[in-house]
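Novice: The sequence shown begins at -9 in the working numbering and counts up one residue at a time. Shown below is the structure under consideration.
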Amino acid sequence: MNVQPTDKRRTALITGAGSGIGAATARRMAAEGYRVFLTGRRVDRIESVARQIIADGGLAEARFIDVTDERSVAAVVDDLDRCDVLVNNAGGAIGTESVADANSADWRTMYETNVLGTLHVTRELLPKLAASGDGTVVVVSSTAAFTVYEGGGGYSAAKHGEHVLAATLRLELCGEPIRVIEIAPGMVHTEEFSLNRYRGDREKAAAVYAGVEGPLVADDIADAIAWAVTRPSNVNIDFLVIKPRAQAAQHKVYRRG
């Protein structure tokens, strides 16, 4: 599933592209005319999405990346001939324990994936993004990046860290031909996010969305990412918060019945 290395089409690399928001973003960016590199640890998943894109007439390639491993990231980046857009989507939440009952390993995993993963990929790609003359870094954070709630300490801490990384990078790149965009989704109903958070408990995962009319789905966030990326080069969407109408805040969600 290799694209031609001599292809000069604008290129987007998406992390965590095997499912959910990452997969939807890869499909949408391909539809916008981008050559897309889908990266993630589950090779079967990213290859499946890449095949779908190719079948629809797009250009796509699947590459294994563990964003927590600097050598894994460097190996993929070194093999790219160009990169115009980076979408840092890999991340996720584990557990709902209170701070008093927190599992340090879970917190470490969330920090390494959400924060250090974003750092590793962004840092490695900055030279290629600058060389494009019109690069864009997208950080997919969360409303948890600026709101705390019971049982969400580890995830919120990680997303706060990701938010700070994006804001700092925007300051440091001021004057360079690179935009930094942060997209902060609220309640998004994807096939895996809540399931992973509740350690595979499908009943608890389903209860998150019970009675919620019109929760966001992955395609909603992909649409926002594509819109932000395709604005004119002088337009930077610094920080975009997206929630379903039923969600006023982390703790305030309207549920029918």
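From the three backbone atoms N, C-alpha and C, an ideal C-beta is built for every residue, glycine too.
Ordered along the chain, which non-local residues of its own chain (more than five positions away) have a Cβ less than 8 Å from that of V243?
Specialist: The residues are M177, V202, A236, Q237.
Novice: Inspect the beta-carbon positions of A208 and I11 and report whether they are closer than 8 Å.
Specialist: Yes, Cβ-Cβ distance for A208 and I11 is below 8 Å.
Novice: Which two residues bound the contiguous alpha helix (DSSP H) that contains I215?
Specialist: Start and end: 208 to 219.
Novice: When DSSP labels each residue in this structure, what does A7 get in the three-state scheme?
Specialist: In the structure shown, A7 sits in coil (DSSP, three-state: anything other than H, G, I, E or B).
Novice: By alpha-carbon positions, which one of I171, R25, D213, F183 ends up nearest to L3?
Specialist: Measuring from the Cα of L3, the nearest candidate turns out to be R25.
Novice: Using CA coordinates, which residue listed in V128, I168, N224, G151 is at the minimum distance from I211?
Specialist: Per the Cα distances, V128.
Novice: Which word fits A104, buried or exposed, when buried means at least 16 other C-beta atoms lie within 10 angstroms of its C-beta?
Specialist: Correcting the residue type first, residue 104 is Asn in the shown sequence and not Ala. So N104 ends up on the buried side.
Novice: Comparing C-alpha positions only, which one of E114, I173, E140 sits nearest to C73?
Specialist: Answer by Cα proximity: E114.
Novice: Between A216 and E22, how many whole angstroms is the CB-CB distance? I'm expecting something under 8 Å.
Specialist: About 6 Å separates the two Cβ atoms, so the contact holds.
Novice: In whole angstroms, what separates the C-alpha of G107 from that of M100?
Specialist: Cα-Cα distance, rounded: 10 Å.
Novice: Evaluate H241 with the Cβ neighbour count: other Cβ atoms within 10 Å of its Cβ, from every protein chain shown; 16 or more gives buried, anything less gives exposed.
Specialist: Counting Cβ neighbours within 10 Å, H241 comes out exposed, since fewer than 16 surround it.
Novice: Use the C-beta contact count for T(-4): other C-beta atoms within 10 angstroms, 16 or more gives buried, fewer gives exposed.
Specialist: At T(-4) the pLDDT is 42, less than 50, meaning the model places this residue with poor confidence; the figure from the coordinates comes in the next sentence. Under this definition T(-4) is an exposed residue.
Novice: What does N78 pair with, by DSSP beta-bridge criteria?
Specialist: N78 pairs with V129.
Novice: Helix, strand or coil for T158 per DSSP?
Specialist: Of the three classes helix, strand and coil, the one that applies to T158 here is helix, per DSSP.
Novice: List the residues that DSSP assigns as beta-bridge partners of I232.
Specialist: Paired residues: P175.
Novice: Classify L161 as buried or exposed, calling it buried when 16 or more other Cβ atoms lie within 10 Å of its own Cβ.
Specialist: Burial call: exposed.
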